[in-house]
Amino acid sequence: MSQSLGRALAILGELGEGPRTLDELAAKVGVHKTTVLRLLRTMESGRFVHRDSDHRFHLGSRLFALAGAALEQRGIRDVAAPHLARLNEETAQTVHLGVYEGGNVIYLDKYDSRHSIRMYSRVGLSMPLHATAIAKVLLADLPEPRRRRVAEEIEYTRFTEHTLTGPAGLLDELSRVAAQGYALDDAEHETFIRCVAAPVRDATGRVVAAVSISVPEVVLSRDEVLALLPDLLDTVHAISTACGHTPP
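Dropping the structure here:
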């Protein structure tokens with residue numbers, strides 16, 4: 001990768017977190033402001049970034065169009081859509097579709113709950129590999145050597161008192177997930193949210209995505225969240241069937 005391209009991508013990644021000034025971007029990229037400004041002007045001319053009246057830089061409209069095109073090209077999103085919408089309608093809770101891509105687990109689709117208290121998340125956002133139900137489901141399907149390697153490379157940020165804090169705990173959890181066919185985020189990422197997730201499989205039996213239901217603690221108890229599991233399993237079964245999967 002060329003140095004200029006690498007810096008431009010670093011800038012776009014930083015802007016994905018929110019608007020930034022030239023000084024903030026230069027500090028993040030670690031080069032002089034004139035170099036960053038030159039890159040910004042090039043990206044601005046292509047509508048990849050834009051500058052507001054306060055001289056803060058934002059992601060540009062061209063990126064929104066590319067993001068939409070990327071999502072359209074991911075077939076699993078289209079296949080899953082009607083099933084996710086139905087699950088969202090039946091449970092009234094937040095429903096996510098996630099995939100493992102390039103070493104990251106990202107949200108590919110989201111259907112918001114109808115409650116006033118909601119989980120913060122957005123399509124395209126990556127999620128912690130050790131503290132979310134979708135990530136556990138996706139990692140649990142990896143071959144054991146790769147699963148172990150991923151577990152050892154994670155930075156174990158402690159989000160709550162329930163967060164897993166090391167590879168041994170995560171590997172034990174992934175073994176349970178693989179055996180039982182679903183995963184639980186028991187207030188491990190956010191203290192007031194629980195999530196249950198299950199895998200979507202393709203014709204080869206490989207896990208290609210995961211679906212989760214996320215519920216605020218004030219809406220449903222832990223047992224009530226787990227009571228949603230049959231609806232979730234019916235949904236992932238329907239999506240998997242549409243992907244060509246036939247259960248053994």
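So in full-length UniProt numbering, spot 134 of the sequence shown is number 134, and the numbers just go up one at a time. The beta-carbon is built from N, C-alpha and C at its ideal position, and this holds for glycine as well.
If you pair each beta-carbon of the region 92–104 with each one of the region 127–146, do three or more pairs fall below 8 Å?
yes
Going by beta carbon distance, what residues of the same chain come within less than 8 Å of Thr165, once the five residues before and after it are set aside?
Tyr156 and Arg158
Would you check if there are 3 or more beta carbon pairs closer than 8 Å linking the region 10–19 to the region 50–67?
yes
Please say whether Asp185 and Thr91 have beta carbons closer to each other than 8 Å?
no
Other residues of its chain near Ala81: CB distance less than 8 Å, five sequence neighbours each side excluded:
Asp109
Return the first residue and the last residue of the alpha helix (DSSP H) that Thr165 is part of.
Where Thr165 is concerned, there is no enclosing alpha helix (DSSP H), given that its DSSP letter is neither H nor E.
Just curious, the alpha helix (DSSP H) that Pro82 is in, first and last residue?
Gly75 to Thr91
Is the distance from the Cβ of Asp202 to the Cβ of Val211 below 8 Å?
no
Leaving out five residues before and five after Cys243 in sequence, what residues of the same chain have Cβ atoms less than 8 Å from its Cβ?
Ile76, Val79, Val200, Arg201, Asp202, Ala203 and Val208
If I measure Cβ to Cβ from Val49 and keep anything under 7 Å in the same chain, skipping five residues before and after, which residues do I get?
Leu15, Leu40, Met43, Phe57, His58, Leu59 and Gly60
Indicate the three-state DSSP secondary structure (helix, strand or coil) for Gly98 in the structure shown.
strand
Starting from Ile239, trace the alpha helix (DSSP H) both ways and give me its first and last residue.
Leu229 to Ala242
Sequence-distant residues of its chain with Cβ nearer than 8 Å to Val36 (five each side left out):
Arg7, Ile11, Leu22, Leu25, Ala26 and Val29
By DSSP, does Pro19 sit in helix, in strand, or in coil?
coil
How big is the Cα-Cα spacing for Gly103 and Leu129?
9 Å
Measuring CA to CA, which of Ile193, Ala238, Ala227 and Gly205 is closest to Val218?
Ile193
Identity of the residues DSSP links to Leu184 by a beta bridge
Val196
Do Ala198 and Leu233 have their C-beta atoms within less than 8 Å of each other?
yes
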